[in-house]
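Participant:
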Amino acid sequence: MNYRCAHRWAFPKWGGELIEHSDDLAAPAGREVTVRVTHCGMCHSDLHVQAGGFDMGGGKLSSLERAGTKLPVTMGHEIGGEVVELGPDVKDVKLGDKVIVYPWLGCGECMVCERGDDHLCPRASRNLGIQLPGGYADLVRVPHERYLVPIGKLEPARAATFACAGITAFGAIRKLDPLDAEDHVAIIGCGGVGMTAVALYSATASARIIAIDPDPAKREAALAHGATMAFDPNEAGAAKTIGKACGFNIAGAVDFVGSESSSSLAVNLVRRTGQVIIVGLFGGEFRMPLPMFALKSLRISGSYVAGLHELRDLVALAQRATLPQIPLDLRPLAGVNQALDDLTKGRVVGRVVLQP
Numbered sequence: 004m005n006y007r008c009a010h011r012w013a014f015p016k017w018g019g020e021l022i023e024h025s026d027d028l029a030a031p032a033g034r035e036v037t038v039r040v041t042h043c044g045m046c047h048s049d050l051h052v053q054a055g056g057f058d059m060g061g062g063k064l065s066s067l068e069r070a071g072t073k074l075p076v077t078m079g080h081e082i083g084g085e086v087v088e089l090g091p092d093v094k095d096v097k098l099g100d101k102v103i104v105y106p107w108l109g110c111g112e113c114m115v116c117e118r119g120d121d122h123l124c125p126r127a128s129r130n131l132g133i134q135l136p137g138g139y140a141d142l143v144r145v146p147h148e149r150y151l152v153p154i155g156k157l158e159p160a161r162a163a164t165f166a167c168a169g170i171t172a173f174g175a176i177r178k179l180d181p182l183d184a185e186d187h188v189a190i191i192g193c194g195g196v197g198m199t200a201v202a203l204y205s206a207t208a209s210a211r212i213i214a215i216d217p218d219p220a221k222r223e224a225a226l227a228h229g230a231t232m233a234f235d236p237n238e239a240g241a242a243k244t245i246g247k248a249c250g251f252n253i254a255g256a257v258d259f260v261g262s263e264s265s266s267s268l269a270v271n272l273v274r275r276t277g278q279v280i281i282v283g284l285f286g287g288e289f290r291m292p293l294p295m296f297a298l299k300s301l302r303i304s305g306s307y308v309a310g311l312h313e314l315r316d317l318v319a320l321a322q323r324a325t326l327p328q329i330p331l332d333l334r335p336l337a338g339v340n341q342a343l344d345d346l347t348k349g350r351v352v353g354r355v356v357l358q359p
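For the sequence shown, our numbering assigns the number 4 to the initial residue and increments by one for each residue that follows.
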């Protein structure tokens, strides 16, 4: 294989379809590594990247272009593959290693990055699949070997999803207080990340999981992967119905949608002293009467993917324990535009994984 040429699927204009093209690659320098992509998960946030930004509410949109992202953009940040080239200073990985790639890269030099929280870097974002070419390709150049996590004997297609769906779910549920078996946690939105959260939480905690999603197929899948009950948020009186079914004892709600309606449902569902963790990036504005923060003693926080150390922790957990497995839909990379359309229209249960 020619490692000096990467074949990518990228969009040349914001909102446009992805087209195939080729880029020349220089030989890896320093501690750079070239990974041959074998699997790349598809994330709902790719739809926002393709659109060029996020809905910030009030008619305002963020702009990836203003933030420095340059066209064409090769998306894909759930990257799994094989190490095929090493820079001259690489020490800790070797040719042929099966790895997943941590894609949320910061400056790599500040204290935040050095503790493994590149995703929160205050200086710079160099995320693979957004600012840097990602995994909708046959080759990916990784700036430093420390961003590679060996997977051992884990299933490569499933391990690839750990880089976003896995650590986003893992990082969010880790923020929940330890709860008892009679407590309830609401998982709002049971797409790929939400479904992963249902599976991980059912395997690592004792509280009862309440799955909330308008899609009956996703509700059914959530019940199969550890949820105790499942509800449609669009039914009349849904909040009251859900609360009553749980004895009004919902200690936490994790919102994997991140819309105005889902965040409102979350804060209305949790009991006094409850936690709400907002993860999804659907967009809009959060609105709530200020006195309710005090009257309900609410704690509301955000959770944005997770650190490199948490990816390593998740891989280690998967290697020593059998985790519930969410559905995977393996598709050829050449069908990426159809896959994005299916994701846009809510036709995906679990996670799409593309294969070059």
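Every residue gets a Cβ at the ideal spot worked out from N, C-alpha and C, and that includes glycine.
Just so we're clear, the structure is a prediction, and the values are computed from it rather than from any experiment.
Whose C-alpha, out of G286, M291, V282, is nearest the C-alpha of S267?
Facilitator: Comparing Cα positions, the closest option is M291.
Participant: When you compare the CB positions of A309 and H122, do they come within less than 9 Å of one another, or not?
Facilitator: Yes; because the gap between Cβ atoms is below 9 Å, this pair is in contact.
Participant: For the beta strand (DSSP E) containing M232, list its first residue and its last residue.
Facilitator: Note, M232: beta strand (DSSP E), 232–234.
Participant: Is the segment 62–78 in contact with the segment 129–137, if contact means three or more CB pairs nearer than 8 Å?
Facilitator: Output reads yes: the segment 129–137 touches the segment 62–78.
Participant: From this set, S262, R315, L320, G255, which residue's C-alpha is nearest Y150's C-alpha?
Facilitator: Selected option, being the one with the closest Cα: R315.
Participant: The beta strand (DSSP E) spanning T244 covers which residue range?
Facilitator: That residue, T244, is in no beta strand (DSSP E); its alpha helix (DSSP H) goes 241–248.
Participant: Report the rounded CA-to-CA distance for S128 versus G111, giving the unit in angstroms.
Facilitator: Roughly 10 Å separates the two Cα atoms.
Participant: Taking 7 Å as the limit between beta carbons, can you name the residues of its chain near C116, skipping five residues before and five after?
Facilitator: Within the same chain, C116 has close Cβ partners G109, C110, C124.
Participant: For the pair the segment 266–281 and the segment 216–224, tell me if three or more CB-CB distances fall below 8 Å.
Facilitator: Segments in contact, no.
Participant: Nearest to N252 by alpha carbon, out of S304, H187, F57, R11?
Facilitator: Residue H187 is the option with its Cα nearest to N252.
Participant: In whole angstroms, what is the alpha-carbon distance linking G349 and A342?
Facilitator: Near 11 Å, if we compare the C-alpha coordinates of A342 and G349.
Participant: Please return the same chain residues whose Cβ sits closer than 7 Å to the Cβ of G169, not counting the five positions on each side in sequence.
Facilitator: Result list for G169: T199, L317, in chain order.
Participant: So is A13 buried or exposed if we call it buried at 16+ other beta carbons inside 10 Å?
Facilitator: Buried: at least 16 other Cβ atoms inside 10 Å.
Participant: Just list the residues that DSSP pairs S278 with in beta bridges.
Facilitator: The sequence given here places Gln at residue 278; Ser does not occur at that position. Q278 pairs with G255, R302.
Participant: By the 10 Å Cβ neighbour count, where 16 or more other Cβ atoms means buried, how is C46 classified, buried or exposed?
Facilitator: With 16 or more other Cβ atoms within 10 Å, it is buried.
Participant: Where do the N-terminal and C-terminal ends of the beta strand (DSSP E) with H10 fall, by residue?
Facilitator: That run of the beta strand (DSSP E) goes 8–13.
Participant: Three-state secondary structure (DSSP) at P153?
Facilitator: Note: P153 maps to strand in three-state DSSP.
Participant: Using C-beta distances below 7 Å, list every residue in its chain close to L331, excluding the 5 sequence neighbours before and after it, in chain order.
Facilitator: Cβ within range, chain order: A160, R161, G353, R354, V356.
Participant: Pull the bridge partners of A214 from the DSSP assignment, please.
Facilitator: A214 pairs with I190, A233.
Participant: Under the DSSP definition of a beta bridge, which residues are partnered with G84?
Facilitator: Bridge partners of G84: V40, V102.
Participant: Taking DSSP as the reference, what is the three-state secondary structure of S264?
Facilitator: Correct three-state label for S264: helix.
Participant: How about V152 and V86: are their beta carbons less than 9 Å apart?
Facilitator: No, these two residues do not count as a Cβ contact at 9 Å.
Participant: According to DSSP, is M59 part of a helix, a strand, or is it coil?
Facilitator: It is a strand residue.
Participant: To the nearest angstrom, how far is the alpha carbon of L326 from that of G60?
Facilitator: Straight-line Cα distance between these residues: approximately 37 Å.
Participant: Comparing alpha-carbon positions, which option in L320, V196, I133 lies nearest L67?
Facilitator: Among L320, V196, I133, the Cα nearest to that of L67 belongs to I133.
Participant: Based on DSSP bridge pairs, tell me the residues matched to E238.
Facilitator: Note: E238 sits in no beta bridge, so no partner.
Participant: Which whole-angstrom value describes the C-beta separation of G84 and P31, a residue pair presumed to lie in contact below a C-beta threshold of 8 Å?
Facilitator: The Cβ separation is near 14 Å, so there is no contact.
Participant: Can you tell me whether F173 is buried or exposed? The criterion is at least 16 other CB atoms within 10 Å of its CB, across all chains shown.
Facilitator: By the 10 Å Cβ count, F173 comes out buried.
Participant: Could you compute how far the alpha carbon of F234 sits from the alpha carbon of A321?
Facilitator: C-alpha separation (whole angstroms): 29 Å.
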